[in-house]
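In numbering that gives the first Met the number 0, the protein residues as written are 0 to 346.
The beta carbon of each residue, even a glycine, is placed where N, CA and C say it ideally should be.
Owing to the predicted nature of the structure, the values given are computational and were not obtained by experimental measurement.
Quick notes on the structure that follows.
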Amino acid sequence: MDDLTQKLSSEIGILGGGAWGTALARHLCAIYGQARIWVYEPDTAEAINTTHTNPRFLPDVSLPKGLVATTDLQAFAQGLSLLVIVTPSHVTRHVLAGIVPYLPKDTPMICATKGIENDTLMTMSELIDSTFGSWAHGRSCFLSGPSFAFDVARGLATSVSLAGYDRDLCQTLQRLISNGDFRAYTTQDVLGVELGGALKNVIAIAAGACVGLGLGDNAVAAIVTRGLAEMTRLCVKLGGEALTMSGLSGLGDLALTCYGSLSRNRTLGVELGQGRDFDSIQNGRITVAEGVKTARSAYILAQKYDVDMPIVTRVYQGLYEGKTPERVVRELMDRELKHELEFSIRH
């Protein structure tokens, strides 16, 4: 281990105690022997500290004794050498605002939150810059890719993308988080990595709805493929790289989320396709299906920048305007016939 990696790994803090945050905390603590995690719920903190489990969000997974939980942001931020942000996107601004007074300036950050802020349409990189100030721009990296929390927590082979504006820092953090079970690939396309991680959740709701409607594997494959085209169009329009969408944070994450049985967004779509009421589904959940909020943000972005995103549009209309899954599918299938590789903005 080089000196810089040793320094950065000395006081790692994971901000967010959901399934994904807990899985990353377990992974990093297993490598370096200790880590701290901030959680919102006092009973979750107590469980992590006493029984070394997180029964609310990641049941049946044992956690290292070196992982210490707290609900106190000031105590959590004290002397951190690396901050890993894993809060749901809709509360990230609020939580980060609470840590700003206590976080040492120039602390490197890895953001593993996937989403777009509804009110501002900011990506997480933009939100971090606006919250911490200009110093954060070159000290932040963004992790995304096909990575179910339960698989990572069990030490199963996982590969992800790690994007950052500072190439040297990105490569340092790549080495820090990687081991024989967890492999990170670096890129400087921060926007592309963020958009892939956010938009795939919306497409997964549509894929799940096809399953719930009993439409078969052909329909799901079509949703995945045409969904990737929509993701790529918006990515390029906003300044990201098209090639990023064919990588781990694009196609990789999209495939896992649309086909994997552990996907919260796919599961939501399945239940909607089976005829369940959206509110009753949400009321019975303690975990967040990020695609619900991202559908609204993505729809507004598509309208604002005149990008053709019919799947995203229909998912938004299904969630927020009451269109039935059957009608959504029918409208998608009845659209004007087009050339498959047409890559123009709304036409």
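Segments assigned beta strand (DSSP E), at least 3 residues, entirely inside the segment 42–109:
The segment 42–109 contains these whole beta strand (DSSP E) runs: 66–69 and 81–84.
By DSSP's criteria, W37 is part of a beta bridge. Which residues make up the other side?
What you label residue 37 is simply residue 38 of the sequence shown in a count that begins at 1. DSSP, once it has assigned bridges, lists L14 and T69 as partnering W37.
Measure the Cβ-Cβ separation of S160 and T122 and say whether it is below 8 Å.
Within the sequence shown, numbered from 1, the residue matching residue 160 stands at position 161. Within the sequence shown, numbered from 1, the residue matching residue 122 stands at position 123. Cβ distance not < 8 Å, so S160 and T122 don't count as in contact.
Segment limits, alpha helix (DSSP H) that includes L161:
Along the sequence shown, one-based indexing puts residue 161 at 162. According to the DSSP assignment, L161 belongs to no alpha helix (DSSP H) but to the beta strand (DSSP E) extending over T157 to G163.
Apart from the five residues on each side of it in sequence, which residues of its chain come closer than 8 Å, Cβ to Cβ, to V219?
Translated into positions along the sequence shown, residue 219 becomes position 220. Result list for V219: A206, C209, V210, C257 and Y258, in chain order.
Rounded separation between S262 and L255 - CA only
Position 263 of the sequence shown, counting from 1, holds the residue named residue 262. Position 256 of the sequence shown, counting from 1, holds the residue named residue 255. Near 8 Å, if we compare the C-alpha coordinates of L255 and S262.
Please determine, among F147, Y319, W37 and R182, the residue with the shortest C-alpha to C-alpha distance to Q73.
Translated into the one-based positions of the sequence shown, residue 73 becomes position 74. Ranking F147, Y319, W37 and R182 by Cα distance to Q73 puts W37 first.
When we look at the beta-carbon of P100 and count the other beta-carbons within 10 Å, is it buried (16 or more) or exposed?
By one-based count along the sequence shown, residue 100 stands at place 101. Exposed, by the Cβ-count rule.
Endpoints, alpha helix (DSSP H) assigned at L214:
Reading the sequence shown from its first residue, position 215 is the one you call residue 214. Element bounds for L214: n/a, residue is neither H nor E.
Taking C-alpha atoms, which residue in Q302, V311 and G213 lies nearest to E270?
Position 271 of the sequence shown, counting from 1, holds the residue named residue 270. Ranking Q302, V311 and G213 by Cα distance to E270 puts G213 first.
Decide if I285 is buried, meaning its Cβ has at least 16 other Cβ atoms within 10 Å, or exposed.
Position 286 of the sequence shown, counting from 1, holds the residue named residue 285. Burial call: exposed.
Please name the residue or residues paired with T186 in a DSSP beta bridge.
Here residue 186 corresponds to residue number 187 of the sequence shown, with the count starting at 1. A162, per the DSSP bridge assignment.
Quick one: grab the DSSP three-state call for I202.
Within the sequence shown, numbered from 1, the residue matching residue 202 stands at position 203. Note: I202 maps to helix in three-state DSSP.
Any 3 or more C-beta pairs closer than 8 Å across the segment 192–201 and the segment 91–107:
no
Take E330 and list the residues in its own chain whose beta-carbon comes closer than 7 Å to its own, dropping the five residues that flank it on each side.
The residue you call residue 330 lines up with position 331 of the sequence shown. Counting only Cβ-Cβ distances below 7 Å, and skipping sequence neighbours, we find R313.
Through-space distance from M244 to T231, alpha-carbon basis
Taking the first residue of the sequence shown as position 1, residue 231 is located at position 232. Taking the first residue of the sequence shown as position 1, residue 244 is located at position 245. Roughly 6 Å separates the two Cα atoms.
Distance, Cα to Cα, R138 vs S248?
For this step, residue 138 is matched to residue 139 along the sequence shown. For this step, residue 248 is matched to residue 249 along the sequence shown. Taking the straight line joining both Cα atoms gives about 20 Å.
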